[in-house]
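Colleague: I'd like to ask some things about the structure below.
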Amino acid sequence: MIILKTRRERLLEPLQAVIGIVERRHTLPILSNVLIESSGHELSLTATDLEVQIRTTAQIDEGAEKQSVTISARKLYDILRSLPGEASVALESKDNKLTVKAGKSRFSLQTLAGQDFPTVAATDDAGIELTLPQKTLKALLERVQYAMAQQDVRYYLNGTLFKVSGGELTLVATDGHRLSYTAEKLPQEYGNAEVILPRKSVSELIKLLSASDDPVRITLRANQAQFVFGSIDLLSKVIDGKFPDYARVIPTNYGKHLSLQRLDLLQALQRAAILSNDKIRGVRLLLSKNNLAVVCTNNEQEEAQEDLDVVYGQEAIDIGFNLTYLMDVLNHLTAETIQCSFGDANSSVLITVPGSEDRFKYVVMPMRI
Amino acid sequence: MMYPWQGQAFRQLAGERGRLPQALLLQGPQGLGKTEFARHLAQALLCESPLPDGSPCNACVACNWFVAGNHPDFRHLGVEDEAVDEDGAGDTSPRKGSPQIGVDAVRGLAGFTTTSTHRDGLRIVLVEPAEALNVHAANALLKTLEEPRPGTLFLLVSHAPARLPATIRSRCRAVPFHPPRTPEAHEWLVQSGIANPVLFLALAGGAPLEALRLARQDSGQRAEFLRRLADPSQSLVQLSEFVARLPVPEWLGWLERWAHDLVAQKLAGETRYHVDFRDLSARVAAHADLYDLLAWERTLRDAKRLVHHPLNPRLLAESLLVPLLAMR
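This is the structure:
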């Protein structure tokens, strides 16, 4: 029975979009498979790792009516990728085998039944639906994503908070040492919703979203989040927990401000990092009249000092930070200048982008060096 | 699938759908079908159109996935998982294939128990057997077990609940399982095609599944073993040679039950396990000393802990058989 027949790219492109979440080793064998459903000229591919489900659709030359089958995603991907560019591919199923035919090549693969594939149930909950340009969402995610915790026991930190309220979309990520916050005005009021999107869904979204003006439709429900863009339908579970009250972490009353060229500071940090302690990764910032000194020392008593000319006339500060946390934010911003606001040597630093109307905030806790 | 003697327990738990506690500890002797019961209960609770009596419909997608072993809201922590798991080869991880549930398996649950469910229903974790959790794994489970996210159910199956840490036991509601009434078990064994249910049920201590296993595996080795044990012409070397060819858990089980029978004969004139060797056990018990027998029985019970230890089986057999030979 022929399942489909099409040009190689028509199958490879949608497969490429879903292959990212297919894990090589998993408790359920069927999860290393991709679900192929054909219905006339419509082809849809679905993959899931039980946290995210990605479904893509494509137009094909010829397909059977209402057929579904699952085969190893990785193997199909490797086969398609190694075939010559203009090859035409046919998938035929027989008993428990699926044959991939292309030119003179022929591959026979094991299949599992399509109805055994654990697809996520669409809930009745309508949730909150909003639409954004893809590049906007991508930029928002990129601005906060690096601050998410990794496998923290505080499981609600292993993701990014999506919060819609008062006609504004807010994204927040934190690992307890630093926090990134970004907000975007929405064209209209949508009501209130708050979900925590797991780490993997966030990185997959960033990978799949394009830097174009095409829309992405976001639906936030109580127990899942859906992102529909292009031919992709990404359905993610959400982390079942309460995100900490981030507003209390973001300082509002700091008086010492300092404007800096982002790249100057980044390069100074990168150079100083060479002589930083590998374990602690600490850096000292010594702020005095019109001068910022970046100092790193390591266990061998070696020292790196970088001086930056700045405009600063307030009280001198000597404060320590984790280098990685500072470099992360500088790497992921695109603005030319940034503004750092300090309290005293024992309080956090707030990094903002001047002229962005408070759309981005980054808080790093200091460390004693 | 569920066994006929479990109907009552199932009706009771299925009736509590929606107000079950976060953790159930299904405890009782091995061979009563507790694991099958736990799976049946899990399937019933995950089923999307359960029958009026609470049983799973076996027709909806959830049931199909469950039967195929693909249900995304169900996790099974068992000893096989650890054997397949090849990473985490640190100091804390047990030997490959060792009968333990390691800490990595428990930590692997973190993503499962904290994200929302796949089908918007319960999420169920089956830990079986729970005493296979090693110390670190048990401790890693405590936090989640005590207060999981709403809609989470832990099913712990234990053949020896006394071996579980008290911290685990106190976090679960115990559901005790008892051997079914003898006529009921006999009937089931006959239906399963066992010709001599009385003997095997006795050998299994009343546990029907264990009886079925013994009956299916019975190759006359047990009878041969007991005959040789009681035969004064058999030397220790001959005996241990014979025993070394058998799997350790098997003959150690026979021996332990034999010791129990001898004590029972001595004290009450009854035979509990090897009912087909009643006369022989009476004869052996007649000229054995009760205190020797009791001491030997205790040695055997201690030796059970060495079942999975890579000891030389012959030496183990000899050390355990010496006291018996002195008695005959």
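Those protein sequences? They're chains S and Z, same order as listed. Take 147 as the starting number for the first sequence in this note's numbering and just add one per residue. Take 7 as the starting number for the second sequence in this note's numbering and just add one per residue. Every residue gets a Cβ at the ideal spot worked out from N, C-alpha and C, and that includes glycine. Here the structure is a predicted model, which means the values were calculated and not measured.
Have a look at S:F263, S:A267, S:I420 and S:Q261 and flag the residue whose alpha-carbon is nearest the alpha-carbon of S122 (chain Z).
Modeller: Translated into positions along the second sequence, residue 122 (chain Z) becomes position 116. Ranking S:F263, S:A267, S:I420 and S:Q261 by Cα distance to S122 (chain Z) puts S:A267 first.
Colleague: Are the C-beta atoms of T269 (chain S) and some chain Z residue less than 7 Å apart?
Modeller: For the purposes of this step, residue 269 (chain S) is taken as the residue at position 123 of the first sequence. Answer yes: the Cβ-Cβ gap between T269 (chain S) and chain Z drops below 7 Å somewhere.
Colleague: Report the option in Z:V112, Z:D79 and Z:L220 whose CA atom is closest to the CA atom of R125 (chain Z).
Modeller: Taking the second sequence and counting its residues from 1, one reaches residue 125 (chain Z) at position 119. Answer by Cα proximity: Z:D79.
Colleague: Using a C-beta cutoff of 7 Å, does K383 (chain S) count as contacting chain Z?
Modeller: Translated into positions along the first sequence, residue 383 (chain S) becomes position 237. Closer than 7 Å to some Cβ of chain Z, the Cβ of K383 (chain S) qualifies, so yes.
Colleague: Are the region 431-441 of chain S and the region 457-465 of chain S touching by the rule of at least three beta carbon pairs closer than 8 Å?
Modeller: Counting Cβ pairs under 8 Å, three or more are found: they touch.
Colleague: Go through its chain and collect everything with a Cβ distance to T192 (chain S)'s Cβ below 6 Å, but skip five positions before and after it.
Modeller: Against the first sequence, residue 192 (chain S) aligns to sequence position 46. Closer than 6 Å at the Cβ level, and outside the excluded window around T192 (chain S), lie L181 and R201.
Colleague: Apply the 10 Å Cβ neighbour rule to R289 (chain S) and answer buried if 16 or more other Cβ atoms are within range, or exposed otherwise.
Modeller: Along the first sequence, read from residue 1 onward, the residue named residue 289 (chain S) stands at position 143. R289 (chain S) comes out buried.
Colleague: Under the three-state reduction of DSSP, which class applies to H187 (chain S): helix, strand or coil?
Modeller: Looking up residue 187 (chain S) in the first sequence gives position 41. H187 (chain S): coil per DSSP, three-state reduction.
Colleague: To the nearest angstrom, how far is it from the Cα of H77 (chain Z) to the Cα of G157 (chain Z)?
Modeller: As a first step, residue 77 (chain Z) must be located in the second sequence, where it is residue number 71. As a first step, residue 157 (chain Z) must be located in the second sequence, where it is residue number 151. Whole-angstrom Cα-Cα distance: 16 Å.
Colleague: Under three-state DSSP, which class holds A371 (chain S)?
Modeller: In the first sequence, residue 371 (chain S) corresponds to position 225, counting from 1. It is a strand residue.
Colleague: Answer with yes or no whether the minimum CB distance from N64 (chain Z) to chain S is below 7 Å.
Modeller: Stepping through the second sequence from its first residue, residue 64 (chain Z) is reached at position 58. Closer than 7 Å: no.
Colleague: Under the assumption that V441 (chain S) contacts E449 (chain S) (Cβ atoms under 8 Å), give the Cβ distance between them as a whole number of angstroms.
Modeller: Translated into positions along the first sequence, residue 441 (chain S) becomes position 295. Translated into positions along the first sequence, residue 449 (chain S) becomes position 303. Sure, about 7 Å apart at Cβ, within 8 Å.
Colleague: Quick one: give me the first and last residue of the beta strand (DSSP E) that H82 (chain Z) is part of.
Modeller: Here residue 82 (chain Z) corresponds to residue number 76 of the second sequence, with the count starting at 1. Start and end: F80 to G84.
Colleague: Would you kindly check if the distance between the Cβ of L244 (chain S) and the Cβ of T257 (chain S) is under 7 Å?
Modeller: Here residue 257 (chain S) is taken as the residue at index 111 of the first sequence, counted from 1. Here residue 244 (chain S) is taken as the residue at index 98 of the first sequence, counted from 1. Their beta carbons are under 7 Å apart, which means T257 (chain S) touches L244 (chain S) by this criterion.
Colleague: Mind checking which residues open and close the alpha helix (DSSP H) that includes R90 (chain S)?
Modeller: The first residue shown for chain S is 147 and the last is 515, placing residue 90 (chain S) beyond what the model contains.
Colleague: List, in chain order, every chain Z residue whose beta-carbon is nearer than 8 Å to that of G387 (chain S).
Modeller: As a working mapping, residue 387 (chain S) is identified with position 241 in the first sequence. Near G387 (chain S) (Cβ distances below 8 Å), the residues of chain Z are T120 and R155.
Colleague: Is there contact here, the region 31-42 of chain Z with the region 498-514 of chain S, by at least three beta-carbon pairs under 8 Å?
Modeller: Cβ pair count under 8 Å is below three, so no.
Colleague: I'd like to know whether the C-beta of V266 (chain S) is nearer than 7 Å to at least one C-beta of chain Z.
Modeller: The residue given as residue 266 (chain S) occupies position 120 in the first sequence. So yes, V266 (chain S) belongs to the interface.
Colleague: What is the rounded straight-line gap between the Cα of L411 (chain S) and the Cα of V141 (chain Z)?
Modeller: Your numbering for residue 411 (chain S) matches position 265 in the first sequence. Your numbering for residue 141 (chain Z) matches position 135 in the second sequence. Rounded to whole angstroms, L411 (chain S) to V141 (chain Z) spans 49 Å at the Cα level.
Colleague: Kindly list the residues whose CB is nearer than 6 Å to the CB of S311 (chain S), restricted to its own chain and excluding five residues on each side of it in sequence; keep chain order.
Modeller: Locating residue 311 (chain S) in the first sequence gives position 165, where the first residue counts as 1. The residues are N338.
Colleague: Is L174 (chain S) close to chain Z? Criterion is C-beta to C-beta, closer than 7 Å.
Modeller: Translated into the one-based positions of the first sequence, residue 174 (chain S) becomes position 28. Cβ-Cβ to chain Z under 7 Å: yes for L174 (chain S).
Colleague: Using the C-alpha atoms, what's the distance from D224 (chain S) back to S239 (chain S)?
Modeller: As a first step, residue 239 (chain S) must be located in the first sequence, where it is residue number 93. As a first step, residue 224 (chain S) must be located in the first sequence, where it is residue number 78. Distance between the alpha carbons of S239 (chain S) and D224 (chain S) is about 19 Å.
Colleague: Could you list which residues in chain Z have their beta carbon closer than 7 Å to that of P344 (chain S), in chain order?
Modeller: Numbered from its first residue, the first sequence carries residue 344 (chain S) at position 198. Result: T121.
Colleague: Counting C-beta neighbours from all protein chains within 10 Å, is the total for T41 (chain Z) 16 or more, i.e. buried, or is it exposed?
Modeller: Stepping through the second sequence from its first residue, residue 41 (chain Z) is reached at position 35. With 16 or more other Cβ atoms within 10 Å, it is buried.
Colleague: Give the DSSP-derived three-state secondary structure of S214 (chain S) in the structure shown.
Modeller: What you label residue 214 (chain S) is simply residue 68 of the first sequence in a count that begins at 1. Here S214 (chain S) sits in strand by DSSP.
Colleague: Nearest to N369 (chain S) by alpha carbon, out of S:I385, S:R363, S:I352 and S:Y392?
Modeller: Sequence index remark: in the first sequence, residue 369 (chain S) carries index 223 (1-based). Comparing Cα positions, the closest option is S:I385.
Colleague: Report the three-state DSSP secondary structure of L158 (chain S) (helix, strand or coil).
Modeller: Looking up residue 158 (chain S) in the first sequence gives position 12. Note: L158 (chain S) maps to helix in three-state DSSP.
Colleague: Suppose you measure from the CA of Q296 (chain S) to the CA of G127 (chain Z); what does that come to, to the nearest Å?
Modeller: In the first sequence, the residue the question calls residue 296 (chain S) occupies position 150. In the second sequence, the residue the question calls residue 127 (chain Z) occupies position 121. Cα to Cα, the separation comes out at about 27 Å.
Colleague: Report buried or exposed for D267 (chain Z), applying the criterion of at least 16 other Cβ atoms within 10 angstroms of its Cβ.
Modeller: Taking the first residue of the second sequence as 1, we reach residue 267 (chain Z) at position 261. That one is buried.
Colleague: What's the C-alpha gap between G94 (chain Z) and E335 (chain S)?
Modeller: Mapped onto the second sequence, residue 94 (chain Z) falls at position 88. Mapped onto the first sequence, residue 335 (chain S) falls at position 189. For G94 (chain Z), the predicted model reports a pLDDT of 38, less than 50, meaning its position is unreliable; a value from the coordinates is still stated below. Whole-angstrom Cα-Cα distance: 49 Å.
Colleague: Would you verify that the beta carbon of D195 (chain S) is, or is not, closer than 7 Å to some beta carbon of chain Z?
Modeller: Residue mapping note: residue 195 (chain S) aligns to position 49 of the first sequence, counting from 1. Not closer than 7 Å to any Cβ of chain Z, the Cβ of D195 (chain S) fails to qualify, so no.
Colleague: Looking at the C-beta of N145 (chain Z), does it have a partner C-beta in chain S at a distance below 7 Å?
Modeller: As a position in the second sequence, residue 145 (chain Z) is number 139, starting the count at 1. It does not; no Cβ of chain S falls within 7 Å.
Colleague: How long is the line joining the alpha carbons of G117 (chain Z) and I167 (chain S), rounded to whole angstroms?
Modeller: Your numbering for residue 117 (chain Z) matches position 111 in the second sequence. Your numbering for residue 167 (chain S) matches position 21 in the first sequence. Those two C-alpha atoms are separated by around 15 Å.
Colleague: Could you tell me whether any Cβ in chain S is nearer than 7 Å to the Cβ of L327 (chain Z)?
Modeller: If you number the second sequence from 1, residue 327 (chain Z) lands on position 321. With 7 Å as the cut-off, L327 (chain Z) does not count as an interface residue toward chain S.
Colleague: Using a cut-off of 7 Å between C-beta atoms, extract the partners of G117 (chain Z) located in chain S.
Modeller: For this step, residue 117 (chain Z) is matched to residue 111 along the second sequence. Those are E197, listed as they occur along chain S.
Colleague: Using a threshold of 7 Å, state whether the C-beta atoms of A419 (chain S) and L469 (chain S) are closer than that.
Modeller: Residue mapping note: residue 419 (chain S) aligns to position 273 of the first sequence, counting from 1. Residue mapping note: residue 469 (chain S) aligns to position 323 of the first sequence, counting from 1. Yes, Cβ-Cβ distance for A419 (chain S) and L469 (chain S) is below 7 Å.
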